[in-house]
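Before any comments, here is the structure.
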DNA sequence: GTACTTAGTATACTTTTTTGTACTAATGCT
DNA sequence: AGCATTAGTACAAAAAAGTATACTAAGTAC
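Protein chains in written order, with UniProt numbering: chain A, 1 to 115; chain B, 1 to 115.
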């Protein structure tokens, strides 16, 4: 009798859940950029992130919106204006992102200290 | 005069630093698996993670080792035995991973509550 | 002496993520 | 009339991440 194998780590305690939301090359950066100057227009965001491809930015913003992290407000003007801001849920991510930054800062010093 | 554009977010406050270390599909899971039963052999790890490709596991472990998160001890036996354990630095990641889990748990309930 | 074991490596492949280029619509400015 | 502006979309391509399959070495168990 072969028991069906269940991936213990993937099924119950998935850290990867949050990674699907803030992982990838740009998501965390986008969240930070919006938080620093909220609401923020599409074009400002693109300039802040500088090297991001426009298509990528659009995709990432759509996903963040779908996941309830940001909201999108369209103004019926010409040229178009679209503003993004963090939702309440999105704001709960900020202290977490800071903590991640802190760890990284520590990591970097620990690496350079070791001469 | 065109000032050289610097990506403000990527250059100074990179959350992405830590993502390079614990990001991806498996790294966080591997860290947790090792922490729960440390030291852990390669084969145990593979069984715990179940659906991971062996090549992937090897690559991830090498990267975690290179980044100073885990250590690798080879026993000169046959069949070979290799044990992995968390470094001190690696252990500092555990509370962070828990926090990420906590956020995810909260996120999930907030999504199902909204009926 | 044949089969089993472990912790891999080599290679090719598929999938996912990110990028690059070109295009659009509606209006204001000159 | 012609150009600039914004927030995109469409499509193709490249790069990165992960997977599948087959193979290895050295001993132990039968």
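Built from N, CA and C at the ideal position, the CB exists for glycine as well. Quantities reported herein were computed from a predicted structural model and do not represent experimental measurements.
Open item on the list: Ignoring anything shorter than 4 residues, give me the alpha helix (DSSP H) runs that lie fully in the UniProt domain "HTH hxlR-type" (13 to 112) of chain B, in order along the chain.
Closed with: Taken in chain order, the unbroken stretches of alpha helix (DSSP H) that lie wholly in the UniProt domain "HTH hxlR-type" (13 to 112) of chain B and span 4 residues or more are 16 to 22, 27 to 36, 42 to 49, 54 to 66 and 88 to 91.
TODO: Kindly list the residues whose CB is nearer than 6 Å to the CB of residue 34/B, restricted to its own chain and excluding five residues on each side of it in sequence; keep chain order.
DONE: Counting only Cβ-Cβ distances below 6 Å, and skipping sequence neighbours, we find 40, 84 and 86.
Open item on the list: Nearest by alpha-carbon distance to residue 89/B: which of 16/B, 66/B and 37/B is it?
Closed with: Residue 66/B holds the alpha-carbon nearest to the alpha-carbon of residue 89/B among 16/B, 66/B and 37/B.
Task: CA-to-CA distance, residue 51/B to residue 113/B, given in whole angstroms - done: Straight-line Cα distance between these residues: approximately 31 Å.
Open item on the list: Do residue 64/B and residue 30/B count as a contact pair if the criterion is CB distance below 8 Å?
Closed with: At a Cβ-Cβ threshold of 8 Å, residue 30/B and residue 64/B count as neighbours.
TODO: Please name the residue in 96/A, 26/A, 98/A and 92/A whose C-alpha comes closest to that of residue 53/A.
DONE: It is 26/A.
TODO: Going by CA-CA distance only, name the one from 38/A, 104/A and 103/A that's closest to residue 70/A.
DONE: Looking at the Cα atoms, 38/A is the closest of the given residues.
Open item on the list: Below 7 Å on C-beta distance, what does residue 94/B contact in chain A?
Closed with: Going along chain A, no residue has its Cβ under 7 Å from residue 94/B, so there is no contact; the nearest lies around 11 Å.
TODO: Identify the contact partners of residue 25/A in chain B, using a Cβ-Cβ distance below 8 Å as the criterion.
DONE: Ordered by position in chain B, the residues that pass the 8 Å Cβ test against residue 25/A are 16.
Task: Contacts of residue 64/A in chain B (Cβ-Cβ under 9 Å) - done: The contact set of residue 64/A on chain B, defined by CB atoms closer than 9 Å, is empty, because the minimum CB distance reaches about 13 Å.
TODO: Please decide whether residue 110/A counts as near chain B, where near means a Cβ-Cβ distance under 8 Å.
DONE: Yes, residue 110/A lies at the interface with chain B (some Cβ there is under 8 Å from its Cβ).
TODO: Compare the beta carbon distance of residue 49/A and residue 57/A with 8 Å and say whether it is the shorter of the two.
DONE: Contact: yes.
Open item on the list: Looking only at its chain, what residues have a beta carbon closer than 7 Å to the beta carbon of residue 105/A, apart from the 5 residues adjacent to it on each side?
Closed with: Closer than 7 Å at Cβ, skipping near neighbours: no residue.
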